[in-house]
Amino acid sequence: MNAVVLAVIVMLALSFARVHVVISLIIGALVGGVSAGMGLTGTMESFTEGIANGASIALSYVMLGAFAVAIARSGMPQAFAAWVVNKAGEEGSTASKGLKWGLLGVVLVVAIMSQNLVPIHIAFIPLLIPPLLLAFNRFDVDRRLLACIMTFGLVTTYMYLPYGFGNVFLNDILLSNINKAGLDTSGINVMIAMGIPALGMLAGLLLAFFNYRKPRHYENKPVEGQGNVHLGEPVRTYNIVVALLAVVLCLVVQIWADSLLLGALVGFAVFVAARVIKWSEADAVFDSGMKMMAMIGFIMIAAQGFAQVMKDTGQVDSLVTASAKAFGGSQVTGAFVMLLVGLLVTMGIGSSFSTLPIITTIFVPLCLQLGFSPLATVSLIGTAGALGDAGSPASDSTLGPTSGLNADGQHDHIRDTVLPTFLHFNIPLLLAGWVAAMVL
Numbered sequence: 004m005n006a007v008v009l010a011v012i013v014m015l016a017l018s019f020a021r022v023h024v025v026i027s028l029i030i031g032a033l034v035g036g037v038s039a040g041m042g043l044t045g046t047m048e049s050f051t052e053g054i055a056n057g058a059s060i061a062l063s064y065v066m067l068g069a070f071a072v073a074i075a076r077s078g079m080p081q082a083f084a085a086w087v088v089n090k091a092g093e094e095g096s097t098a099s100k101g102l103k104w105g106l107l108g109v110v111l112v113v114a115i116m117s118q119n120l121v122p123i124h125i126a127f128i129p130l131l132i133p134p135l136l137l138a139f140n141r142f143d144v145d146r147r148l149l150a151c152i153m154t155f156g157l158v159t160t161y162m163y164l165p166y167g168f169g170n171v172f173l174n175d176i177l178l179s180n181i182n183k184a185g186l187d188t189s190g191i192n193v194m195i196a197m198g199i200p201a202l203g204m205l206a207g208l209l210l211a212f213f214n215y216r217k218p219r220h221y222e223n224k225p226v227e228g229q230g231n232v233h234l235g236e237p238v239r240t241y242n243i244v245v246a247l248l249a250v251v252l253c254l255v256v257q258i259w260a261d262s263l264l265l266g267a268l269v270g271f272a273v274f275v276a277a278r279v280i281k282w283s284e285a286d287a288v289f290d291s292g293m294k295m296m297a298m299i300g301f302i303m304i305a306a307q308g309f310a311q312v313m314k315d316t317g318q319v320d321s322l323v324t325a326s327a328k329a330f331g332g333s334q335v336t337g338a339f340v341m342l343l344v345g346l347l348v349t350m351g352i353g354s355s356f357s358t359l360p361i362i363t364t365i366f367v368p369l370c371l372q373l374g375f376s377p378l379a380t381v382s383l384i385g386t387a388g389a390l391g392d393a394g395s396p397a398s399d400s401t402l403g404p405t406s407g408l409n410a411d412g413q414h415d416h417i418r419d420t421v422l423p424t425f426l427h428f429n430i431p432l433l434l435a436g437w438v439a440a441m442v443l
């Protein structure tokens with residue numbers, strides 16, 4: 004069996020069997036590396052090289068966790084959550100339903116904006132979601148729905164709208180690599196190419212709203228990093244002003260310096276300098292933030308090691324080439340197999356942005372050989388790259404929602420984020436991408 008396929012199957016099987024994702028990634032990488040002939044030593048060297056790339060990412064999110072805790076300590080998010088709860092009225096009332104749908108709409112809009120208008124990716128989640136958990140509990144919102152809403156906003160936006168991260172994915176990576184592979188993409192409207200796949204994602208979101216429409220009860224447990232600030236406690240206007248200033252500066256610095264770490268550091272410094280967080284409390288706040296993001300950070304580090312081993316096996320190309328032999332000259336079979344390969348590669352690597360350069364060099368000649376139009380080729384390869392971002396245990400599109408929704412320990416990464424997003428997005432996206440390849 005192909006080493007990449009074997010490694011991904013082992014990693015997913017262990018994850019779904021409730022083995023911790025970090026351990027699953029390590030064992031999967033070992034199985035894949037050894038089966039590819041890299042040996043135990045070579046596999047571990049490759050894995051170690053990969054985790055070095057993940058260390059800076061993990062450090063950035065630890066710093067972001069500290070910033071999120073500082074915001075929580077200011078009382079601003081709790082003040083908003085308390086306002087929502089107080090305005091909710093009786094359970095099942097018109098006001099209650101309106102606020103519930105309003106909150107869900109806010110989460111969706113912010114997730115979409117995080118990819119383009121304010122390109123902070125998943126950084127908004129630990130800032131916005133944990134303080135609102137008590138409000139969501141008030142409305143008995145199923146957190147699996149929240150995970151699907153956030154993942155929809157994170158993934159669909161960059162794979163359809165060519166702005167912010169979407170510009171990087173669609174223009175700088177997708178079209179650029181297709182051009183390098185020998186297909187002229189000048190004159191192709193990438194939004195038309197990715198329109199049908201985006202509709203597949205939308206269908207998955209609507210299905211999630213239907214499947215998770217029933218109330219799901221959660222206990223009002225302490226939220227990590229909230230400290231002694233609770234709903235209903237009066238919050239100083241000064242604290243709210245400082246919190247808003249810190250958030251704005253964090254966003255400005257992150258966009259200007261292209262550094263999440265520096266942006267979060269500046270935001271945290273504002274709280275300390277303004278004495279909303281006392282100097283004597285700074286260590287405790289940072290420690291709380293580190294605890295909140297520890298699991299996500301370690302998964303990110305392990306995922307980078309896993310991805311490096313998959314690349315070093317040298318069997319990604321052979322996987323794509325071997326799959327091509329099964330086409331038999333059929334566009335229907337060819338499109339479906341290419342989409343499955345994209346799903347498998349991204350599920351393992353955890354990044355659509357990393358998948359595209361790997362698959363494009365081989366998929367473009369195959370698409371030309373099978374007679375796909377340039378527009379269909381762009382749609383097919385773009386969909387194959389995006390498949391697997393939702394539903395991968397190692398993707399930040401699933402890790403991000405889990406980091407916010409599990410702040411009180413009541414949301415499981417695999418059962419409540421990975422499985423729901425996989426079922427509601429990968430299956431519709433695969434079918435929609437298949438249809439797009441046939442009709443464009």
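For the sequence shown, this note's numbering puts the final residue at 443, and the numbers step up evenly by one.
Glycine residues also receive a C-beta, built at the ideal position from the N, C-alpha and C atoms.
From a predicted model like this one, the values you see are computed outputs, not experimental measurements.
In the structure shown, the three-state DSSP call for ARG147 is helix. The DSSP-derived three-state label of THR316 is coil.
Taking every protein chain shown into account, the CB of PRO396 has 16 or more other CB atoms within 10 angstroms, so this residue is buried. Contact between the stretch 200-216 and the stretch 237-253 is absent: fewer than three C-beta pairs spanning the two stretches fall below 8 Å. For THR420, there is no enclosing alpha helix (DSSP H), since its DSSP letter is neither H nor E. When rounded, the separation of the alpha-carbon atoms in LEU342 and LEU177 is 15 Å. Contact annotation, VAL312 with PHE19: C-beta distance approximately 21 Å; criterion of less than 8 Å not satisfied. With at least 16 other beta carbons inside 10 angstroms of its own, LEU149 counts as buried. Membership of GLY36 in the alpha helix (DSSP H) is indicated by the continuous run 24-38. GLY292 places its beta carbon 7 Å or farther from that of VAL25. Under the criterion of beta carbons closer than 8 Å, GLY407 and GLY345 do not qualify as touching, at roughly 28 Å. Under the 10 Å beta carbon count, ARG239 is surrounded by fewer than 16 other beta carbons and is classified as exposed. A buried status is given to HIS416, since no fewer than 16 other beta-carbon atoms sit within 10 Å of its beta-carbon. A check of alpha carbon separations from MET204 across ALA10, ILE128, LEU432, TRP437 identifies LEU432 as the nearest.
Per DSSP, reduced to three states, the secondary structure at HIS220 is coil, with no helix or strand assignment. When DSSP states are grouped into helix, strand and coil, VAL226 belongs to the coil group. In this structure, HIS220 keeps its C-beta atom at 7 Å or more from the C-beta atom of ASP290. In the structure shown, the three-state DSSP call for GLN372 is helix.
Between GLY374 and GLN334, the alpha-carbon positions lie close to 8 Å from each other.
In this structure the stretch 435-442 lies against the stretch 379-386, because at least three pairs of beta carbons, one per stretch, are closer than 8 Å. Following the DSSP letters along the chain, one finds LYS281 in no alpha helix (DSSP H), marked with neither H nor E. Under the three-state reduction of DSSP output, ASN5 falls in the coil class, being neither helix nor strand.
The straight-line gap separating the alpha-carbon atoms of LEU43 and VAL22 is approximately 21 Å.
Here DSSP, grouped into helix, strand and coil, assigns PHE142 to coil. Contact between VAL7 and THR316 holds: CB atoms are separated by about 6 Å, below the 8 Å threshold.
Taking C-beta atoms under 8 Å as the contact rule, THR401 and GLY391 fail to qualify, at a distance of about 10 Å. Pairing TYR161 with LYS314, the inter-Cα distance amounts to about 24 Å. Annotation: THR46 to MET350 spans about 20 Å, alpha carbon to alpha carbon. ALA138 sits away from GLY300, with the two beta carbons spaced by 7 Å or more.
The Cβ neighbour count for ASP286, taken over all protein chains shown within 10 Å, is under 16; the residue is labelled exposed. DSSP places ALA20 outside both helix and strand once states are collapsed to three, so it counts as coil.
Contact between LEU28 and PHE309 holds: CB atoms are separated by about 5 Å, below the 8 Å threshold.
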